[in-house]
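Asker: Below are the structure tokens for one structure; questions will follow.
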Amino acid sequence: MVLENNSNVIVMITKEIENRIVKCHHYWPISMKMPLELKNCFIVLENYQILQYFIIRIFQVMRKSFDIRNIVAQMREQRHGMVQTKEQYHFCYKIVLEVLQRLATFK
Numbered sequence: 009m010v011l012e013n014n015s016n017v018i019v020m021i022t023k024e025i026e027n028r029i030v031k032c033h034h035y036w037p038i039s040m041k042m043p044l045e046l047k048n049c050f051i052v053l054e055n056y057q058i059l060q061y062f063i064i065r066i067f068q069v070m071r072k073s074f075d076i077r078n079i080v081a082q083m084r085e086q087r088h089g090m091v092q093t094k095e096q097y098h099f100c101y102k103i104v105l106e107v108l109q110r111l112a113t114f115k
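If you read the sequence shown in my numbering, its first letter stands for residue 9, the second for the next number, and so on.
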């Protein structure tokens with residue numbers, strides 16, 4: 009939702025746990041050294057500041073990109089001989105471009 013709405017600020021106005029009840033799921037990385045990898049994006053904790061009544065965290069949210077070579081390699085693990093020719097690779101790129109263009113029109 010953050011990426012889709014091009015959000016620059018996220019405000020959480022509750023504690024993660026209140027009275028032993030989970031009020032908010034942890035959706036950010038714990039360490040600045042280790043990004044959180046989700047299905048469609050990476051979240052990087054760039055900085056944080058702990059104050060008396062709240063914590064300020066600065067994130068960078070990055071979309072995952074399509075890696076055709078990696079996708080083809082995964083397909084070949086399941087079905088040997090898949091995507092062998094230049095024309096087949098061209099078709100894969102053409103389909104990814106078409107999907108991305110259709111997604112761009114939904115915004």
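Using N, Cα and C, we set each Cβ at its ideal position, and we do this for glycine too.
Strictly by DSSP, which residues pair up with Val-69?
Answerer: DSSP, once it has assigned bridges, lists Ile-51 as partnering Val-69.
Asker: Is the beta carbon of Trp-36 sitting closer than 8 angstroms to the one on Ile-25?
Answerer: Cβ atoms of Trp-36 and Ile-25: not closer than 8 angstroms.
Asker: Okay, do the region 44–59 and the region 71–78 touch, 3+ Cβ pairs below 8 angstroms being the bar?
Answerer: Flag = yes, the region 44–59 and the region 71–78 touch.
Asker: Can you confirm whether the region 58–66 touches the region 77–97 when touching is taken to mean that 3 or more C-beta pairs between the two stretches lie within less than 8 angstroms?
Answerer: Counting Cβ pairs under 8 angstroms, fewer than three are found: no touch.
Asker: To the nearest angstrom, report how far apart Met-9 and His-34 are at their CA atoms.
Answerer: When rounded, the distance between both Cα atoms is 16 angstroms.
Asker: For the alpha helix (DSSP H) that Ile-79 lies in, which residues bound it at each end?
Answerer: Unbroken alpha helix (DSSP H) run through Ile-79: 76–86.
Asker: Going by DSSP, what residues sit across from Leu-44 in a beta bridge?
Answerer: According to DSSP, Leu-44 bridges with Ile-51.
Asker: So, at 7 angstroms on beta carbons, what are the nonlocal neighbours of Lys-115 in its own chain, with the 5 sequence-adjacent residues on each side left out?
Answerer: Because Lys-115 carries a pLDDT of 47, less than 50, the predicted location of this residue cannot be relied on, and the following value inherits that uncertainty. Nothing listed; no residue qualifies.
Asker: Please classify Glu-24: does DSSP put it in a helix, a strand, or coil?
Answerer: Reduced to three states, the DSSP call for Glu-24 is coil.
Asker: Contact check, Ile-76 vs Val-107 under 8 angstroms by CB: the rounded distance?
Answerer: Not confirmed; about 12 angstroms, so no contact.
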